[in-house]
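Structure first, then comments.
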């Protein structure tokens, strides 16, 4: 009898420990607002890995929960450029003869090689305005694209709904310690549960931006 009680107690302790470990490694989050639409909609419930970003830095393309400001207000954004990448936004990019000017993200992954245009199939249509980036802190502004090399320990993030999202264009680069977790999946509503849709790819760009700068 004593052996059985000890065994049952050990099993209960192991189960409680496992639950606690899962709770420490994961959290749930609720999307508020349209800044990540159409990928994520207002009211969506997400499962978030909060341990992974502490063990390894987020990758380009990851959807993450961040502290939007030092007070810790959370928000969901997409990592567009990681440390070492050179990034710019060209607000009047034209894809070819007769094309309509529109903003695009331009990247030199790792800060080397030719410029690449970020092909983003998840975007919610037009950005809503011509825009150029970046200053030394990662914010948008000015009359022309300004290349920025993302410094160690910081990340350039954008919302998928560029016309309404408040992101690095407004508040600048995000330090790694303000990345609270990586979104694994959407689990509610049930009809849209699962993955986060298409991913970005790097396409050839004819743009040649000179005078890259290094951020703070």
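In my numbering, the protein residues as written are 5 to 220.
All C-beta atoms in this analysis are idealised placements derived from N, C-alpha and C, irrespective of residue type, glycine included.
Between residue 174 and residue 90, the C-beta gap is not smaller than 8 Å, which leaves the two residues out of contact. In this structure, residue 165 sits near residue 128, with a CB-CB distance shorter than 8 Å. Under the three-state reduction of DSSP, residue 179 is assigned to strand.
Contact between residue 39 and residue 170 holds: CB atoms are separated by about 7 Å, below the 8 Å threshold. Across the set 187, 121, 208, 61, the C-alpha of 187 shows the shortest separation from the C-alpha of residue 32. In the displayed model, residue 42 falls within coil according to three-state DSSP, outside both helix and strand. Nearest to residue 105 by C-alpha distance, out of 119, 134, 83, is 134. Spanning the alpha carbons of residue 63 and residue 163 requires a straight line of approximately 16 Å.
Comparing alpha-carbon positions, the option among 204, 181, 138 lying closest to residue 75 turns out to be 181. Nearest Cα to residue 51 within the set 140, 88, 198, 213: 198.
Going by beta carbons, residue 109 and residue 86 fall outside the 8 Å limit. Between residue 55 and residue 61, the alpha-carbon positions lie close to 11 Å from each other. Annotated as proximal: residue 67 and residue 200, with beta-carbon spacing under 8 Å. When beta bridges are read from the DSSP output, residue 169 appears opposite no residue. Between the alpha carbons of residue 70 and residue 123 lies a distance of about 23 Å. Nearest in C-alpha terms to residue 35, of all of 80, 53, 141, is 80.
Taking residue 202 as the centre and dropping the five residues before and after it, the same chain places the C-beta of 125, 126 closer than 7 Å to its C-beta, in chain order. Beta-bridge annotation (DSSP): residue 205 is paired with 123. Residue 186 has 53, 68 as its beta-bridge partners, per DSSP. Taken through DSSP and simplified to helix, strand or coil, residue 78 comes out as strand. Taking the Cα positions, residue 118 is about 19 Å away from residue 107. Closest option to residue 192, judged by alpha-carbon separation, among 45, 65, 49: 49. Residue 198 is bridged by DSSP to 190.
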